[in-house]
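Everything on this sheet refers to the single structure shown next.
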Amino acid sequence: MKTGSFTVRLVLQVALLVTLTAAAVLLAGGWLVQREMIRSIELLHEAEYDELRALIGTSQTLTAAEIGARIRHDTESDAALYYIQVHRADGQVLFRSPNLGENLLPDLSGGELHWTTSLPGVGEVRVSEFHFQPWHIQIASPLAPLQRLMGEYARVGGVLVAAAALAGVAVGYGFARVTLRPVRAIEQTARRIRGDNLGERIPTPSGNDELAALTRLLNETFERLEASFAQVTRFTADASHELKTPLALIQLNAERARARLGHDPEAVEAIGSLLEEIGRMHRIIESLLFLSKADAGVLALERKPIDVPAWLADFADDARVLAEDRGVRFELGPVASGLLGGEASLLRQLLLNLVANALHVSPPGGVVRLTAEARGGRWTFVVEDEGPGLPPDQLARVFERFVRFSRPGVDRGTGHGLGLAICQGIARLHGGEIRAENRSDRSGLRMVVTLPAG
186 MKTGSFTVRL VLQVALLVTL TAAAVLLAGG WLVQREMIRS IELLHEAEYD
236 ELRALIGTSQ TLTAAEIGAR IRHDTESDAA LYYIQVHRAD GQVLFRSPNL
286 GENLLPDLSG GELHWTTSLP GVGEVRVSEF HFQPWHIQIA SPLAPLQRLM
336 GEYARVGGVL VAAAALAGVA VGYGFARVTL RPVRAIEQTA RRIRGDNLGE
386 RIPTPSGNDE LAALTRLLNE TFERLEASFA QVTRFTADAS HELKTPLALI
436 QLNAERARAR LGHDPEAVEA IGSLLEEIGR MHRIIESLLF LSKADAGVLA
486 LERKPIDVPA WLADFADDAR VLAEDRGVRF ELGPVASGLL GGEASLLRQL
536 LLNLVANALH VSPPGGVVRL TAEARGGRWT FVVEDEGPGL PPDQLARVFE
586 RFVRFSRPGV DRGTGHGLGL AICQGIARLH GGEIRAENRS DRSGLRMVVT
636 LPAG
């Protein structure tokens, strides 16, 4: 799972929810356990009071010695459980159990029936006071056992919360996998839908929930895109095809007119310019036809094994001729040995377009370099120039149709802005890709073409 992905966030949220729920349940359980245990102590106090009351009897004139004689045996037998003190309503203490030592239980006559206080050398105790005129009987029990029990509960609760956190991660991961499975199916299908595969649709899950509605909406969007793409492709192909015949007639008539007007130099020059523009229009139409066929996926490739070193050596001869004409030097750098499966003529056109662009932007005396590397079942061709390069925001746009950038010291030339779009179309036809990046060692542009070897 990638850090920061929705799956990770969902797992963490589920784990946090499970952990907080477990912690809340354990806290509430601990509070209830402590409350019930204290209530149990109070019930034991009430039972002990009933026993002491029966031992004291109904006489209201008993002395301290008489009260002690009646309840001392009972208090001594329960010394491990209770601290007992008897006093009058005026606060005069008549009896204290021996285990109290020098401690006195506070007199809260008229206050709460049960409360918690602390005694020196004993710690916290839970005290209950009962009124049996004219006697006030106080019974206290140490809370140390309860506190030890609650401490053990807290330790076990911490272990359980940690276990709940780990279980929450596991549950969250399983929940995310199951919940996001339809979303991953949508993503995988959507990634396969490209210009050459617009007919594929996302499987619609059963039911009528939000996910099914989203899937239907995406499929409807893909249908509209497919229809729009088909219309644009068909229009481009039809328009390009229909323009070829009129241009051919215009070219034929212009050539006839030039032959008849041979005695007029100005007319011959004008018709020559006209024929150059007609040739340029022909090249644009041919490029548009190629791109429309590539986009429509109807351009069949004749894949054959290509011996890359020999093929590039032959290509380099033509590239050097072009470079000399521009006053630039072409170098064929390291070339790996091996075969490349593809249509040699189209791949040659791809490299030729890249080299021609590089020669156009390189200064006189500059160097254009081509290298080829094979690694991991893929070939990487790199064309480097020594021109001014491009701003980073323009690197991705160089492959758009009819896009031409002005660079300092570089003539825009007579290109029509389709060369790099054709290069991208050829690379994609072969299952590869192409990208542009500025050189890091000096000024200049690097065009990187990656193609599968098979």
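The opening residue of the sequence shown carries number 186 in the working numbering; numbering runs sequentially from there.
Backbone N, C-alpha and C fix where the C-beta goes; we use that ideal spot for every residue, glycine too.
Just so we're clear, the structure is a prediction, and the values are computed from it rather than from any experiment.
In this structure the region 341-350 does not lie against the region 358-369, because fewer than three pairs of beta carbons, one per stretch, are closer than 8 Å. Between the C-alpha atoms of residue 609 and residue 521 there is a straight-line separation of about 23 Å. In the three-state reduction of the DSSP assignment, residue 394 falls in the coil class, being assigned neither a helical nor a strand state. CA-CA distance, residue 460 to residue 613, rounds to 34 Å. When DSSP states are grouped into helix, strand and coil, residue 621 belongs to the strand group. Within the region 322-393, the complete alpha helix (DSSP H) runs of at least 4 residues fall at 329-377. Residue pairing by DSSP places residue 526 opposite 490 in a beta bridge.
From the listed residues 303, 249, 354, the smallest Cα separation to residue 282 is found for 249.
The alpha-carbon of residue 208 is positioned some 58 Å away from that of residue 639. The C-alpha of residue 525 is placed about 13 Å away from the C-alpha of residue 634. Counting along the chain, the unbroken alpha helix (DSSP H) around residue 236 starts and ends at 191-241.
At a Cβ-Cβ threshold of 8 Å, residue 357 and residue 199 count as neighbours. Residue 431 has no beta-bridge partner at all, per DSSP.
Residue 261: member of the alpha helix (DSSP H) spanning 249-262, first to last residue. When only Cα atoms are considered, residue 211 and residue 322 end up about 37 Å apart. Here DSSP, grouped into helix, strand and coil, assigns residue 545 to helix. Contact between the region 273-290 and the region 251-262 is established, with three or more Cβ pairs separated by less than 8 Å.
DSSP places residue 627 outside any beta strand (DSSP E), giving it a letter other than H or E. Annotated as proximal: residue 586 and residue 603, with beta-carbon spacing under 8 Å. Unbroken beta strand (DSSP E) runs of no fewer than 3 residues, entirely contained in the region 282-308, are found at 299-304, following chain order. Residue environment for residue 237: buried (at least 16 other C-beta atoms within 10 angstroms of its C-beta). Under the three-pair Cβ rule at 8 Å, the region 214-227 does not count as touching the region 386-395.
If you compare the alpha carbons of 441, 298, 289 with that of residue 230, the shortest gap goes to 298. Three or more beta-carbon pairs separated by less than 8 Å link the region 299-312 to the region 324-341, which places the two stretches in contact. When DSSP states are grouped into helix, strand and coil, residue 457 belongs to the helix group. In the DSSP assignment, residue 272 is bridged to 278, 321. DSSP places residue 555 within a strand segment (E or B) once states are collapsed to three. By the Cβ neighbour-count rule, residue 464 is exposed, with fewer than 16 other Cβ atoms within 10 Å of its own.
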